[in-house]
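The numbering used here puts the first residue of the sequence shown at -12, with every later residue one more than the last.
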Amino acid sequence: MGAPLNICLLPGDGIGPEVMRQAQKVLDRIAERYGVTFTCHEALIGGAAIDALGTAFPAETLEAARAADAVLLAAVGGPKWETGNPDDPRPEEGLFAIRKELGLYANLRPVRAYDQLIGASPLKPEVVRGSDVLIVRELTGGLYFGKRDRTYDVPGAGPGGAPGQYAFDTMEYSEYEVERIVRRAFEFALQRGKRVHSIDKANALGVSRMWRQVARGVAEEYPQVEFREMLVDNAAMQLMLDPRQFDVIVSENTFGDILSDEAAVLCGSLGMLASASLGDGTALYEPVHGSAPDIAGCGIANPLAQILSVELMLRYSFGMQNAADALAAAVERVLDEGYRTPDLADSHTDPSKVLGTEAMGDKVVEFI
């Protein structure tokens, strides 16, 4: 048995603590099965951190994350912290800060249409079946990190020329930031279907024109990978019309955020989508879904995205490919045998196989 693997757990808000408990049960089973030791330490982020310490990203959390071998995050946010006062801290600031501080510039969002869940998608089965897309999203630049301001009582900014609000957010990228994320996408494409779609808005944005030029330069270094360019509005439509045309999608921060949530339609629920954030420091793994405060404490949240985030962590941070494959197979078996959480159930689902959060976690553990 090697040295313990140190994991920083960030349960966050809403359903976060509930789904995180299922991830911990899975880690315990993996540790038992594969003879490893996971040392898990919890830290605060998001609304929970605001309540306890007045900030969405305490210094103690950054220290714990940097010291860990991997970070596993659940979810942050909720209406409780939407005060309307722009000076009040917001839970999402914790997400932006940890990504920036850890140098996590590449967000990977695998989107796969599970055969067992074809009926859960609102799209036609013949459109969805066989879809398997990896969205590579740039994570530390663009609108979310550019210069911004919001000013009140600006003369002429309100209705009828009255004083009102004025705000701006700036999309900013350097050539280096574009080059490194596009190159990362091509490297992943070499391991998959050898096809990359670069998504931009080059017909309207100067940043996108630079993005397109840099992406073309990187593509020349990978002649074995098919390279295509697509405007983001067309890409959003094509994801719904013909998702199988995509293998690896690479895009800037805002476009990638929107497209990856849209792609959840292919698998029927955000509750099935995990993500990995990679870069220069400790990697971070999290489900794509939010904190869902409306169902927090009800015991019905889908934990599979959180569990599949563990699979990505085993694969990318710990190099435990066999364990990752076993975990993925356990999730497949759960679905094969007809078990569903409420968000995945439909009129054809056996009511006896509709499971709550804890029971679904237990079932995955049973099948590992």
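Backbone N, C-alpha and C fix where the C-beta goes; we use that ideal spot for every residue, glycine too.
Express the C-alpha separation of Gly268 and Leu126 in angstroms, rounding to a whole number.
-> As a first step, residue 126 must be located in the sequence shown, where it is residue number 139. As a first step, residue 268 must be located in the sequence shown, where it is residue number 281. For Leu126 and Gly268, the distance between alpha carbons rounds to 14 angstroms.
Could you tell me which residues DSSP pairs with Cys(-5) in its beta bridges?
-> If you number the sequence shown from 1, residue -5 lands on position 8. Its beta-bridge partners are His28 and Val58.
Per DSSP, cross-strand counterpart(s) of Val341 = For the purposes of this step, residue 341 is taken as residue 354 along the sequence shown, with counting starting at 1. Answer is Arg327, bridged to Val341.
Nearest to Pro(-2) (by Cα), restricted to the options Asp229, Asp15, Leu291 and Ala35 | Counting from one through the sequence shown, the residue named residue -2 turns up at place 11. Considering only alpha carbons, the answer is Ala35.
Which same chain residues, not among the five before or five after Asp56, have their C-beta less than 8 angstroms away from its C-beta?
-> Here residue 56 refers to the residue found at position 69 of the sequence shown. Around Asp56: Leu(-8), Asn(-7), Ile(-6), Thr269, Ser304 and Phe305.
So, are the CB atoms of Ala222 and Leu246 less than 8 angstroms apart?
-> Sequence index remark: in the sequence shown, residue 222 carries index 235 (1-based). Sequence index remark: in the sequence shown, residue 246 carries index 259 (1-based). Cβ atoms of Ala222 and Leu246: closer than 8 angstroms.
Do Gly71 and Ser278 have their CB atoms nearer than 8 angstroms?
-> Residue mapping note: residue 71 aligns to position 84 of the sequence shown, counting from 1. Residue mapping note: residue 278 aligns to position 291 of the sequence shown, counting from 1. Contact: no.
For Glu47, count neighbouring C-beta atoms within 10 Å of its own C-beta (all shown protein chains included) and say buried if the count is 16 or more, exposed if not.
-> In the sequence shown, counting from the first residue as 1, residue 47 sits at position 60. The residue is exposed, with fewer than 16 neighbouring Cβ atoms inside 10 Å.
Give the DSSP bridge partners of His184, in chain order.
-> On the sequence shown, residue 184 is found 197 positions in, with the first residue counted as 1. Beta-bridge pairing links His184 to Arg215 and Ile236.
Using three-state DSSP, classify Pro66 as helix, strand or coil.
-> Within the sequence shown, residue 66 is the residue found at index 79, counting from 1. Three-state result, Pro66: helix.
Taking Tyr21 as part of the alpha helix (DSSP H), name the residues at either end of that continuous run.
-> Counting from one through the sequence shown, the residue named residue 21 turns up at place 34. Start and end: Gly3 to Tyr21.
Taking the DSSP output, what are the residues bridged to Ser334?
-> What you label residue 334 is simply residue 347 of the sequence shown in a count that begins at 1. Partner(s): none; Ser334 has no beta bridge.
For Val141, does the count of other Cβ atoms within 10 angstroms reach 16, so buried, or fall short, so exposed?
-> Numbered from 1 along the sequence shown, position 154 holds the residue referred to as residue 141. The residue in question, Val141, is exposed, as its Cβ has fewer than 16 Cβ neighbours within 10 Å.
What's the C-alpha gap between Val165 and Tyr209?
-> Taking the sequence shown and counting its residues from 1, the one referred to as residue 165 is at position 178. Taking the sequence shown and counting its residues from 1, the one referred to as residue 209 is at position 222. Straight-line Cα distance between these residues: approximately 16 angstroms.
Going by other Cβ atoms of all chains shown within 10 Å of its Cβ, with 16 needed for buried, is Lys188 buried or exposed?
-> The sequence position of residue 188 within the sequence shown is 201, counting from 1. With 16 or more other Cβ atoms within 10 Å, it is buried.
How many Å lie between Ala202 and Gly193 at the Cα?
-> In the sequence shown, counting from the first residue as 1, residue 202 sits at position 215. In the sequence shown, counting from the first residue as 1, residue 193 sits at position 206. Approximately 14 angstroms, taken between the alpha carbons.
Tell me whether the beta-carbon of Asp0 lies closer than 8 angstroms to the beta-carbon of Pro78.
-> Within the sequence shown, numbered from 1, the residue matching residue 0 stands at position 13. Within the sequence shown, numbered from 1, the residue matching residue 78 stands at position 91. The answer is yes: Cβ separation under 8 angstroms.
Do the region 24 to 39 and the region 86 to 98 meet, that is, are 3 or more Cβ pairs less than 8 angstroms apart?
-> no
If Pro230 and Val114 are in contact, beta carbons under 8 angstroms, what's the gap, nearest whole angstrom?
-> One-based indexing of the sequence shown puts residue 230 at position 243. One-based indexing of the sequence shown puts residue 114 at position 127. About 7 angstroms separates the two Cβ atoms, so the contact holds.
Quick one: Cα of Gly128 to Cα of Thr241, how far?
-> Mapped onto the sequence shown, residue 128 falls at position 141. Mapped onto the sequence shown, residue 241 falls at position 254. Distance between the alpha carbons of Gly128 and Thr241: 9 angstroms.
Mind listing, in chain order, the continuous beta strand (DSSP E) runs of no fewer than 3 residues lying wholly within the region 243 to 269?
-> 261 to 265
Host beta strand (DSSP E) of Asp38 (start-end) = Indexing the sequence shown from 1 puts residue 38 at position 51. Where Asp38 is concerned, there is no enclosing beta strand (DSSP E), although the alpha helix (DSSP H) it sits in stretches over Gly34 to Leu40.
Got a sec? Which residues, its chain only, sit under 7 angstroms from Ile37 by beta carbon, not counting five neighbours each side?
-> To locate residue 37, count along the sequence shown from 1; it is residue 50. Excluding residues within five positions, the ones whose Cβ falls inside 7 angstroms are Ala43, Trp68, Pro76 and Pro78.
In the DSSP assignment, what are the bridge partners of Thr138?
-> Numbered from 1 along the sequence shown, position 151 holds the residue referred to as residue 138. Paired residues: Tyr153.
Does the Cβ-Cβ distance between Met300 and Tyr326 come in under 8 angstroms?
-> Here residue 300 is taken as the residue at index 313 of the sequence shown, counted from 1. Here residue 326 is taken as the residue at index 339 of the sequence shown, counted from 1. Taking 8 angstroms as the Cβ cut-off, Met300 and Tyr326 do not qualify as a contacting pair.
Shortest alpha-carbon distance to Arg96 belongs to which of Pro4, Ile236, Leu226 and Gln232?
-> Sequence index remark: in the sequence shown, residue 96 carries index 109 (1-based). If we check each option's Cα against that of Arg96, Ile236 comes out closest.
C-alpha distance - Gly151 paired with Tyr131, whole-angstrom precision = As a first step, residue 151 must be located in the sequence shown, where it is residue number 164. As a first step, residue 131 must be located in the sequence shown, where it is residue number 144. In a straight line, the C-alpha of Gly151 is about 23 angstroms away from that of Tyr131.
Helix, strand or coil at Val318 [DSSP, three-state] | As a first step, residue 318 is located in the sequence shown; it is residue number 331 there, counting from the start. Helix, per DSSP.
If we count the other Cβ atoms within 10 Å of its Cβ and call it buried at 16 or more, is Glu353 buried or exposed?
-> As a working mapping, residue 353 is identified with position 366 in the sequence shown. Under this definition Glu353 is an exposed residue.
Whole-Å CB distance - Ile287 paired with Val318, under 8 angstroms assumed | One-based indexing of the sequence shown puts residue 287 at position 300. One-based indexing of the sequence shown puts residue 318 at position 331. About 18 angstroms; that fails the 8 angstroms criterion.
From Ser39 to Pro274, what does the alpha carbon distance come to, in whole angstroms?
-> Translated into the one-based positions of the sequence shown, residue 39 becomes position 52. Translated into the one-based positions of the sequence shown, residue 274 becomes position 287. In the sequence on display, residue 39 carries Ala and not Ser. Rounded to the nearest angstrom, the two C-alpha atoms are 24 angstroms apart.
For Arg179, which residues from the same chain have a beta carbon less than 7 angstroms from its beta carbon, with the 5 sequence-adjacent residues on both sides left out?
-> Residue numbering aside, residue 179 sits at position 192 when the sequence shown is read from its first letter. Here the set comprises Leu121, Asp234 and Val235.
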